[in-house]
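Written out below as structure tokens is the structure these notes cover.
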Amino acid sequence: MKLIDIDMGSTLKESEYHNDIDVNKFKKLIDEASIIEYEMQLEELEIEKQKLEGFKKSSDALKKLIMRYDGKYSSWRELLAKMRSDLYKVEINEEKRVKEKELANKLAEAEKKIEEMKEEKQREKEKCMEDKINELTMKLDRLSIVSRTGPRRPPKCFG
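Residue numbers for the sequence shown, in our numbering: 187 to 345.
Take a look at the structure:
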């Protein structure tokens with residue numbers, strides 16, 4: 187998007203049809219549009235700069251690879267075969283690391299679940315023990331009342 191820089195102020199002042207337009211506001215809008223255009227160009231240049239830096243990094247990495255394998259192999263085919271096998275080994279090692287991490291995470295989750303289940307079982311056991319204690323306490327209270335007062339007898343009117 188390219189804006190054309192035109193000094194429209196004088197034409198607008200002379201024009202009878204545009205007396206109600208504020209010339210200063212129009213000039214300000216043109217200035218703002220120019221600033222926006224320059225900012226967009228700067229962003230595009232920044233993107234291009236990042237792309238070039240990425241190419242430079244990859245070319246540096248390729249140079250390092252060539253330096254690493256240079257002189258060890260008699261043909262490019264051997265060199266490429268060795269590079270492929272090394273890359274394959276790296277990929278396999280990376281896959282192993284990823285799988286190990288996944289397994290470690292699964293193991294940690296399983297251990298957490300086991301801990302939670304143990305805690306839940308312990309809480310249930312404690313609750314059950316409390317209920318039994320309360321039940322036995324109530325029975326003991328009833329027995330102590332019965333032993334003090336004697337067994338309950340039905341009223342004589344029923345018998």
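C-beta atoms are modelled at their ideal positions from N, C-alpha and C, and glycine is treated no differently. Computed from a predicted structure; not experimentally measured.
Whole-angstrom distance between residue j and residue i, CA atom to CA atom
i: residue 234; j: residue 224; result: 15 Å
i: residue 319; j: residue 306; result: 20 Å
i: residue 230; j: residue 249; result: 29 Å
i: residue 277; j: residue 219; result: 50 Å
i: residue 292; j: residue 279; result: 20 Å
i: residue 227; j: residue 215; result: 18 Å
i: residue 211; j: residue 236; result: 37 Å
i: residue 273; j: residue 257; result: 19 Å
i: residue 253; j: residue 282; result: 28 Å
i: residue 238; j: residue 251; result: 20 Å
i: residue 268; j: residue 296; result: 42 Å
i: residue 221; j: residue 243; result: 33 Å
i: residue 294; j: residue 284; result: 15 Å
i: residue 331; j: residue 317; result: 21 Å
i: residue 287; j: residue 247; result: 28 Å
i: residue 321; j: residue 328; result: 11 Å
i: residue 300; j: residue 275; result: 37 Å
Cβ-based neighbour list, residue i, same chain, cut-off 6 Å, excluding 5 preceding and 5 following
i: residue 303; result: none
7 Å Cβ shell around residue i - same chain, five flanking residues per side excluded
i: residue 289; result: none
i: residue 324; result: none
i: residue 315; result: none
Contact test: residue i Cβ vs the ligand FAD heavy atom, cutoff 7 Å
i: residue 315; result: This structure lacks the ligand FAD, and indeed carries no ligand of any kind.
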